[in-house]
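Report on the structure given below.
Numbering (the numbering used here), first residue to last: 49 to 373.
Now the structure itself:
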């Protein structure tokens, strides 16, 4: 797998105006326009990755490339940023998306519900209706994945994989108990210093700082994530986090039960956002479900340290589904 990852794998970056918001989409594979591609080479399935929070899609490129290789390069793997978590670089062309006729007016695009509508609008306007979907959600992206199943049953999702899923009791989790007062009550006090400290920084200084941090963390930097030091993006990530603490409370058992055959849950034994007791409860309540546990200690960002191993596991889970395509 190592040698495959090091081979040249095409990753195309686009910025699309989706629901009126700049959205970064990273597309792994040679297919960039699925809607207008009517040739016989158009794939029958799209693997769609929804990030956690912050929704920096560039952080998931190693995982996407590894997964693309592990699935024999037969299907595109796309990663979408969250609304408000990505700004296009100066001079970068922003593509306009067609309007989603099913979309309701989104009053709070940067909140939990708005982020779900944002993903639905993208799938409805950028992916052919008949194209099968594998949706992979990480952390809060798992919650969004469940909401997609709930609110858009017409989408042909054949499998939804929830990695380290924060889909319930977030404020009660070990990290949630710490993050709730910070995100819900104290975040306003952080906005002003965030803007005062980061906004004046020249782009070159931000570039060097981010490159240094990524190098120290041994994170591949094919797409440098400048939004990590963009106050607008950080404020929106904090706002989304505050809503997560308030709204991601009760597990949606009705949606899980309805779509259980499509779902794979992958919990972490040492995950402080969804502790092992959440896994135990899920196993007890849904004994027939595909619910798995990672016994290893989860690092700060699994997509960096675990990307190759995770990609191999996910590809193995999808083997039967993909063999039918």
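C-beta: ideal position from N, C-alpha, C; glycine also. Bear in mind the structure is a predicted one, so any value in this text is a computation, not a measurement.
Residue range of the alpha helix (DSSP H) that includes residue 281
Here the alpha helix (DSSP H) through residue 281 covers 279-295.
Hey, out of 286, 216, 260, whose CA is closest to residue 237's CA?
From the listed residues 286, 216, 260, the smallest Cα separation to residue 237 is found for 286.
Does the stretch 106-118 touch the stretch 137-144, meaning 3 or more C-beta pairs lie closer than 8 Å?
Segments in contact, no.
Compute the distance between the beta-carbons of residue 290 and residue 235, then report whether it is under 9 Å.
Contact flag set, yes.
Boundaries of the alpha helix (DSSP H) in which residue 83 is found, first to last residue
Per DSSP, residue 83 belongs to no alpha helix (DSSP H) and is neither H nor E.
So does the stretch 195-211 actually touch the stretch 120-140, counting three or more Cβ pairs closer than 8 Å?
Segment contact: the stretch 195-211 against the stretch 120-140, fewer than three CB-CB distances shorter than 8 Å; contact not assigned.
Using a threshold of 9 Å, state whether the C-beta atoms of residue 69 and residue 126 are closer than that.
Cβ atoms of residue 69 and residue 126: not closer than 9 Å.
If the criterion is Cβ atoms closer than 9 Å, does the pair residue 292 and residue 101 meet it?
Between residue 292 and residue 101, the gap from beta carbon to beta carbon is short of 9 Å.
What is the DSSP secondary structure of residue 322, reduced to helix, strand or coil?
It is coil, neither helix nor strand.
Could you tell me the distance, in whole angstroms, from the CA atom of residue 233 to the CA atom of residue 226?
Roughly 12 Å separates the two Cα atoms.
Might you give, ordered along the chain, the residues of its own chain that have their beta carbon closer than 6 Å to the beta carbon of residue 250, omitting 5 neighbours on each side?
There are no such residues.
Meets three-Cβ-pair contact criterion under 8 Å: the stretch 86-98 and the stretch 315-334
Contact between the stretch 86-98 and the stretch 315-334 is absent: fewer than 3 CB-CB pairs across the two stretches fall below 8 Å.
In chain order, what residues of the same chain lie with their CB nearer than 7 Å to the CB of residue 103, ignoring the 5 residues before and after it?
So the list reads 129, 130, 133, once near-sequence residues are dropped.
Assigned exposure category for residue 362 - 16 Cβ within 10 Å defines buried:
In the assembly as shown, residue 362 is a buried residue. Its beta-carbon has 16 or more other beta-carbons within 10 Å.
If you run the structure through DSSP and keep just helix, strand and coil, what is residue 242?
DSSP places residue 242 in helix when its eight states are reduced to three.
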